[in-house]
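>
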Amino acid sequence: MKWNLVFLGLLLTFGQLSWGQKGMDIPEYDGKDRVHDLNAKNYKSVMKKYDVMVVYYHEHVGSSKVSQKQFQIEELALELAAQVLEDFDDEDIGIGLLDEKTDKAVAKKLGLDEADSIFIFIEDEVIEYDGELAADTLVEFLFDVIEDPVEIIDNVRELKGFHNIEEDIKLVGFFKSQKSERTYPNYAAEEFHPHIKFFATFSPKVAKSLDLKLNEVDFYEPFMDEPVVIPGKPYSEKELVEFIEDNDRPTLRKMQPHNMYEIWEDALDGEHIIAFAEEGDPDGFEFLEIVKEVAEDNTDNPNLSIIWIDPDDFPLLVPYWEKTFDIDLSSPQIGVVEVDDAESIWFDMDDGDDMPTVDELEDWLEDVLENKIDPDDDDDDDDDDDDDDDDDDDDDDDDDDDDDDDDEDDDDDDDDDDDDDDDDDDDDDDDDDDDDDDDDDDDIIIVIVVVVVINEND
4 MKWNLVFLGL LLTFGQLSWG QKGMDIPEYD GKDRVHDLNA KNYKSVMKKY
54 DVMVVYYHEH VGSSKVSQKQ FQIEELALEL AAQVLEDFDD EDIGIGLLDE
104 KTDKAVAKKL GLDEADSIFI FIEDEVIEYD GELAADTLVE FLFDVIEDPV
154 EIIDNVRELK GFHNIEEDIK LVGFFKSQKS ERTYPNYAAE EFHPHIKFFA
204 TFSPKVAKSL DLKLNEVDFY EPFMDEPVVI PGKPYSEKEL VEFIEDNDRP
254 TLRKMQPHNM YEIWEDALDG EHIIAFAEEG DPDGFEFLEI VKEVAEDNTD
304 NPNLSIIWID PDDFPLLVPY WEKTFDIDLS SPQIGVVEVD DAESIWFDMD
354 DGDDMPTVDE LEDWLEDVLE NKIDPDDDDD DDDDDDDDDD DDDDDDDDDD
404 DDDDDDDEDD DDDDDDDDDD DDDDDDDDDD DDDDDDDDDD DDDIIIVIVV
454 VVVINEND
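In this text, residue positions in the sequence shown follow my numbering: the first is 4, and each later residue adds one.
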């Protein structure tokens, strides 16, 4: 009996029992078409049906089987998202497709200029979604979109929740009342919603805990405990928006499935400083704390921007990153990556258990910012190595030629020697022959003498 098959059968049986429980019925696509094919004739009527409209402006799908298969996968993800959102009571959310080739005129009317992108229409705002095209990630992002742009902090418990948000840019202001003329300009919050979190409080107690003065707004970078007070209160809409735009690239930010493309495209001089660290791993957590300390110490440096990637958030990309960057993501890594060609150079981690110190990492980052460490230089070194190899090959060829010449000379010498030896041998042979002849004569003489002597005795 094959016990492994029996054990697998038991697992599947219990798995089906647990999956069948109420409250854990994971949605599966039911086969019903809910995603709209938008065109010039129907896009206005379809979009009017919904409070929020999601439009996937995709590249034209040609005859390539690979492209068709990829589009089917994307369409199924959108169908599952539409199915889940159909049961959502708060807002009517629709999803539609727009073809770059056949519906270009419609895209122009809607203000869409970038294909292979998802745009969300809500009231008078258009929000671009720069994340992974997956049903769960998209739905989670949409839930953030339909929330109020400004969240109110009324008590200590809500204040604790505010402090627990450390991965996003956030702003908080203290105002006299919700009707105060000096509350956030609505469009300022809506302009950056949901990418940037806006908070307000009307509680003097909460404001005191945050060290906020009346009508003051504080700006928090991700992973920073201390805020920056936005200067120039009372703020005009223009001043507030300009300050946020000037400071929307944090010293340290986390790449997540819902913002991965937005962050990757926002590079300084075509390069990213990337830190890979698993927050749930002891070594990863330790290294991440070091990176956070470095970021906090250098938060005033506008040229320093570090992207933190937790490999656990992108399991499908881990093998690709390891192969492309030639690194092992089972341990923390930090390096510089060229956005266009993915050329990279990485901090040399010791094989031991010790992580780099804050000072060591700061020194390395300083060399990076001063272009003393650059992926392009690493390419030049590789080219130099190739040139050295070519030179070595040439030297080897020259040596081989010299050796061949020497061998030929030696062969000639050997031939001469052989000829001389042959001549000598011939001479020796002649001499030997003469000697042999002499010896033969002697033998004959001796024999004759002996014979003569014998005859005389007779």
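Where is the CB? At the ideal position from N, CA and C, for every residue including glycine.
Return the bridge partner residues of MET56 from the DSSP annotation.
For MET56, which the question treats as bridged, DSSP gives the partners GLY97 and PHE124.
> Hey, TRP39 and VAL49: beta-carbon distance below 8 angstroms or not?
The sequence given here places His at residue 39; Trp does not occur at that position. Result yes, Cβ atoms of HIS39 and VAL49 sit closer than 8 angstroms.
> Can you tell me whether DSSP reads LYS112 as helix, strand or coil?
Here LYS112 sits in helix by DSSP.
> May I ask which residues mark the beginning and end of the alpha helix (DSSP H) holding VAL220?
Segment 220-223 is the beta strand (DSSP E) holding VAL220; no alpha helix (DSSP H) there.
> Using DSSP bridges, identify the partner residues of LEU174.
For LEU174, which the question treats as bridged, DSSP gives the partners PHE201 and PHE222.
> Which two residues bound the contiguous beta strand (DSSP E) that contains ILE337?
From DSSP, the beta strand (DSSP E) with ILE337 extends over 336-341.
> Nearer than 7 angstroms: is that true of the beta carbon of LYS52 relative to any heavy atom of the ligand COA?
As far as ligands go, the structure on display features none, and thus does not contain the ligand COA.
> Return the bridge partner residues of ILE312 from the DSSP annotation.
Paired residues: PHE279.
> Just the Cα atoms here: how many angstroms apart are GLU346 and LEU115?
Rounded to the nearest angstrom, the two C-alpha atoms are 32 angstroms apart.
> Can you confirm whether the region 156-171 touches the region 205-218 when touching is taken to mean that 3 or more C-beta pairs between the two stretches lie within less than 8 angstroms?
The region 205-218, when compared against the region 156-171, does touch it at the 8 angstroms Cβ threshold.
> Cβ of PRO260 within 8 angstroms of Cβ of THR140?
Contact flag set, yes.
> Relative to the C-alpha of ASN262, which residue among LEU136, TYR32 and PRO318 is closest?
Ranking the options by Cα distance to ASN262, first place goes to LEU136.
> Which residue's Cα is closest to the Cα of LYS216: ALA203, GLU240 and ASP344?
Minimum Cα distance to LYS216 is reached at ALA203.
> Pick helix, strand or coil for GLU274, following the three-state DSSP scheme.
Strand, per DSSP.
> Does the CB of MET352 have a neighbour CB from chain B at under 8 angstroms?
In summary, chain B is missing from the structure at hand, where a single protein chain is found.
> How big is the Cα-Cα spacing for ASP171 and LEU372?
Spanning the two alpha carbons is a distance of roughly 24 angstroms.
> Quick one: what's got a C-beta closer than 6 angstroms to GLU296's C-beta in the same chain, skipping five residues either side?
Around GLU296: VAL361.
> Taking 8 angstroms as the cut-off, decide whether the C-beta atoms of ILE310 and ARG256 are in contact.
Contact: yes.
> Taking only three categories from DSSP, how would you classify VAL38?
In the structure shown, VAL38 sits in coil (DSSP, three-state: anything other than H, G, I, E or B).
> To the nearest angstrom, report how far apart ASP313 and ILE277 are at their CA atoms.
Computed Cα separation, rounded: 11 angstroms.
> Considering Cα atoms alone, identify which of MET352, ASP343, PHE222 and LYS236 is closest to GLU268.
The shortest Cα separation from GLU268 among MET352, ASP343, PHE222 and LYS236 belongs to ASP343.
> May I have the straight-line CA-CA distance separating GLN75 from VAL232, to the nearest angstrom?
Their backbone Cα atoms lie some 49 angstroms apart in a straight line.
> Are the CB atoms of HIS63 and LYS104 nearer to each other than 8 angstroms?
Yes, the Cβ-Cβ distance between HIS63 and LYS104 is below 8 angstroms.
> So ASP95 and TYR53 are in contact, right, with Cβ under 8 angstroms, and what is the actual spacing, rounded?
Right, the Cβ-Cβ distance comes to about 5 angstroms (below 8 angstroms), so this counts as a contact.
> Can you give me the Cβ contacts of ASP315 inside the same chain, cut-off strictly under 6 angstroms, excluding the 5 residues immediately before and after it?
GLU281, listed in sequence order.
> Between GLU274 and VAL340, how many whole angstroms is the CB-CB distance? I'm expecting something under 8 angstroms.
With a Cβ gap of about 7 angstroms, GLU274 and VAL340 count as contacting.
> If you draw a straight line from the alpha carbon of PRO30 to that of VAL87, how long is it in whole angstroms?
Each residue's alpha carbon lies about 7 angstroms from the other.
> Which of the three DSSP states, helix, strand or coil, is assigned to VAL371?
In this structure, VAL371 counts as helix in the three-state DSSP scheme.
> Locate the alpha helix (DSSP H) running through GLU3, then write down its first and last residues.
There is no way to answer for residue 3, as the model of the chain reaches only from 4 to 461.
> Tell me, to the nearest whole angstrom, how far the beta carbon of SER180 is from that of PHE205; I am working on the premise that it is less than 8 angstroms.
Indeed, because the Cβ distance is near 6 angstroms, the residues count as touching under 8 angstroms.
> Three-state secondary structure (DSSP) at GLU248?
In the structure shown, GLU248 sits in a helix (DSSP, three-state: H, G or I).
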